[in-house]
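Chains as they are written, first to last, in the working numbering: chain A, 2 to 170; chain B, 12 to 381; chain C, 10 to 160. From the three backbone atoms N, C-alpha and C, an ideal C-beta is built for every residue, glycine too. It should be emphasised that the depicted structure is a prediction, and the values quoted were computed from it without experimental measurement.
Below, the structure written as structure tokens:
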């Protein structure tokens, strides 16, 4: 099943506001998502919050597609509107090393969520107030949820220094 | 110009946890104190990080179901329900009505059990020891139902993708009904112990206030949001698993403090009993599992499905690439996001209140760290 | 006035204590005297694994299909078999089950097409060493034998 395009008054308003910076409006299994250009993400989320009522940022996450040329990562923002009772996802495709702007300026909840994305994928959010690792130890090297990180892989140096054993396996 | 007192010059940093009885697990909070007053908090989490999302990428879809139970281990059935619904949505394979009804019964019983654990430990943190014994007694009854149904008490693995593995046992309805009958007077009993208790009120009223606007800013869901007056429940907003068939209210309160969250959770337990009564009165006949292919292989795509777990919105974002293993499973844990608001709630509170504030968020560290 | 009377006669305290005393009845005892009395676990309890034998012939029911090994999320089941050249059937030589890594999810028992592998009601599976928790075929067929310290 392919993702289908989707149209209503929201897409028209967003299209008018952002023009080419919003690439696609798609639905899959009746779940809407907007594919946006990386530099437009924060502006779009801000617009959706203040003009369209999507005032609750449900989740920020990322997906690693190592085989995709040029844009290895999807960064996904899930938004919810209490007024419309509707969910929409904003999807941004970025290359490895690209630093997307933080959305903590719009939604405070993005603070820890972006920290987790940084921790797991190594995506650095520009001008994030407190970009540290959150779940892994702070001096761990490597980003576990990248596809090239094997499930039994670990930071040997960290394990040796902190646990005093050769390997955690 | 502010006058510099002796205390201003001596900001004390105090380390609370990771081994502290009232942090409900391995949560470490670094407190910046000015005397008894909290100036700032910094949560250090990750002590229980097991890489559940990484494990998911290396297991097939059915194999991953037991792992989700280990996240929020006091409400494992809700976790399993969320994951199964997400994969069912991805495959467009709804569970049959009988399975849905049994799922609702078990999930609501689990909500009661989870709230009972919360109530007992929260009261224990505040200094009331007695409610813990009573709540554990009732929880035991709920866990016995789970054990009889699926053979495990805590990490149940009760649901499978597409429906249920186990048919209900003989006497299931009677046992559930007996539990409901016993539960309602017991909730009254807890309320006689706590609701009007002077110490309880003094310790909780006006503590940890998080208004509706702040809740939305911090993404806080569940009873905390409802205690701030927002009438929002995913069971009503996006009904799943046949919740639209049952009548229940969404309890809300206005003051958004710790005491109101207690009241909201108590009323939620009553509503859960109400749902269970309706569900158990007519469990439809029919198959308990949909026609699930031998190898679960969804077509490439992505869905986000969330349910109302006892702690808030529990979401699963599942990406498939057409193989039998999920390409990515993202769990949106309610505890993790609710815990973020601790910083806001604790600011300016006293050091004795932080225990009440951590308790009121109702965190399970297995879910925070995953 | 009413509030004052409530305070003088300690009504709230009495209410609270009434709840306490009501629960003092001996029929409300929930504590299990575990080593002295074995608790009764549910019929569907998922405990120690067992390989079932055919009760009539005493031969194993296992057909060495290895479906349990494929179903196991922890990949802790190893089924070794040889093909009998006469009957063209696989015969079980060994079956290892690493209980130390098992989370008793029951997926292996669901996968078994002949009801051979089963998670039983036995729950006393503690051992003195980690190696003791890697069970072989004999152990799986006989079941764990915990040391009895009391009569």
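Exposed unless 16 or more other CB atoms sit within 10 angstroms - verdict on residue i
i: residue 348 of chain B; result: buried
i: residue 187 of chain B; result: buried
i: residue 51 of chain A; result: exposed
i: residue 210 of chain B; result: exposed
i: residue 40 of chain B; result: buried
i: residue 12 of chain B; result: For residue 12 of chain B, the pLDDT reaches just 42, beneath the cut-off of 50, and the residue's location in the model is therefore unreliable, although a value from the coordinates is still provided. By the 10 Å Cβ count, residue 12 of chain B comes out exposed.
i: residue 163 of chain A; result: exposed
i: residue 128 of chain A; result: exposed
i: residue 27 of chain B; result: buried
i: residue 157 of chain C; result: exposed
i: residue 190 of chain B; result: buried
i: residue 23 of chain C; result: exposed
i: residue 182 of chain B; result: exposed
Closer than 8 angstroms to chain C by CB, residue i
i: residue 95 of chain B; result: no
i: residue 4 of chain B; result: The question about residue 4 of chain B has no answer, for chain B in this structure spans 12 to 381.
i: residue 12 of chain B; result: Confidence at residue 12 of chain B is low in this model, with a pLDDT of 42, below 50, so its placement is unreliable and no value can be given for it.
i: residue 162 of chain B; result: yes
i: residue 334 of chain B; result: no
i: residue 73 of chain B; result: yes
i: residue 229 of chain B; result: no
i: residue 262 of chain B; result: no
i: residue 254 of chain B; result: no
Within-8 angstroms CB hit, residue i to chain A
i: residue 62 of chain B; result: yes
i: residue 24 of chain B; result: no
i: residue 248 of chain B; result: yes
i: residue 56 of chain B; result: yes
i: residue 48 of chain B; result: no
Test: residue i CB closer than 8 angstroms to a CB of chain B
i: residue 159 of chain A; result: no
i: residue 59 of chain C; result: no
i: residue 2 of chain C; result: Only positions 10 to 160 of chain C appear in this structure, which leaves residue 2 of chain C out of reach.
i: residue 74 of chain C; result: no
i: residue 114 of chain C; result: yes
i: residue 107 of chain C; result: no
i: residue 54 of chain C; result: yes
i: residue 90 of chain A; result: yes
i: residue 49 of chain A; result: no
i: residue 59 of chain A; result: yes
i: residue 86 of chain A; result: yes
i: residue 152 of chain A; result: yes
i: residue 194 of chain A; result: Residue 194 of chain A is absent from the structure shown; chain A starts at 2 and stops at 170.
i: residue 30 of chain A; result: yes
i: residue 51 of chain C; result: yes
i: residue 119 of chain C; result: yes
Cβ-heavy atom distance, residue i to the ligand PLP, below 7 angstroms
i: residue 97 of chain C; result: By its list of ligands, the structure shown contains no ligand whatsoever, and the ligand PLP lies outside what it can speak to.
Among the options, the one whose alpha carbon lies nearest that of residue i
i: residue 132 of chain B; options: B:218, B:247, B:282 and B:32; result: B:32
i: residue 276 of chain B; options: B:346, B:381, B:263 and B:225; result: B:263
i: residue 59 of chain B; options: B:204, B:81, B:224 and B:208; result: B:81
i: residue 70 of chain B; options: C:68, C:72, C:80 and C:69; result: C:80
i: residue 380 of chain B; options: B:61, B:202, B:23 and B:149; result: B:61
i: residue 131 of chain C; options: C:117, C:72, C:137 and C:108; result: C:108
i: residue 71 of chain A; options: A:60, A:99 and A:148; result: A:99
i: residue 37 of chain C; options: B:159, B:195 and B:147; result: B:147
i: residue 267 of chain B; options: B:203, B:239 and B:368; result: B:239
i: residue 125 of chain B; options: B:151, B:105 and B:79; result: B:151
i: residue 99 of chain B; options: B:351, B:173, B:43 and B:236; result: B:173
i: residue 119 of chain A; options: A:161, A:65, A:152 and A:154; result: A:65
i: residue 111 of chain B; options: B:175, B:144 and B:320; result: B:175
i: residue 356 of chain B; options: B:292, B:306 and B:269; result: B:269
i: residue 103 of chain B; options: B:127, B:317, B:321 and B:312; result: B:312
Beta-carbon gap between residue i and residue j smaller than 8 angstroms
i: residue 93 of chain A; j: residue 80 of chain A; result: no
i: residue 162 of chain B; j: residue 152 of chain C; result: no
i: residue 129 of chain C; j: residue 47 of chain C; result: no
i: residue 201 of chain B; j: residue 142 of chain B; result: yes
i: residue 169 of chain B; j: residue 49 of chain B; result: no
i: residue 58 of chain A; j: residue 108 of chain A; result: yes
i: residue 102 of chain C; j: residue 87 of chain C; result: no
i: residue 115 of chain A; j: residue 106 of chain A; result: no
Looking at chain A, which residues of the region 313-326 of chain B have a Cβ within less than 8 angstroms of any of its Cβ atoms? 313, 314, 315, 317, 324 and 326
Using a Cβ-Cβ cutoff of 9 angstroms, what residues of the region 61-76 of chain A are near chain B? List them in chain order. 62, 63, 64, 65, 66 and 75
Along the region 194-206 of chain B, where does the CB come closer than 7 angstroms to a CB of chain C? Name the residues. 200, 203 and 204
Chain B contacts made by the region 17-41 of chain C, where a contact means CB separation under 9 angstroms: 21, 24, 25, 27, 28, 29, 31, 32, 37 and 39
Check each residue of the region 109-129 of chain A: if its Cβ is closer than 9 angstroms to any Cβ of chain B, include it; give the result in chain order. 109, 110, 111, 112, 113, 114, 117, 120 and 121
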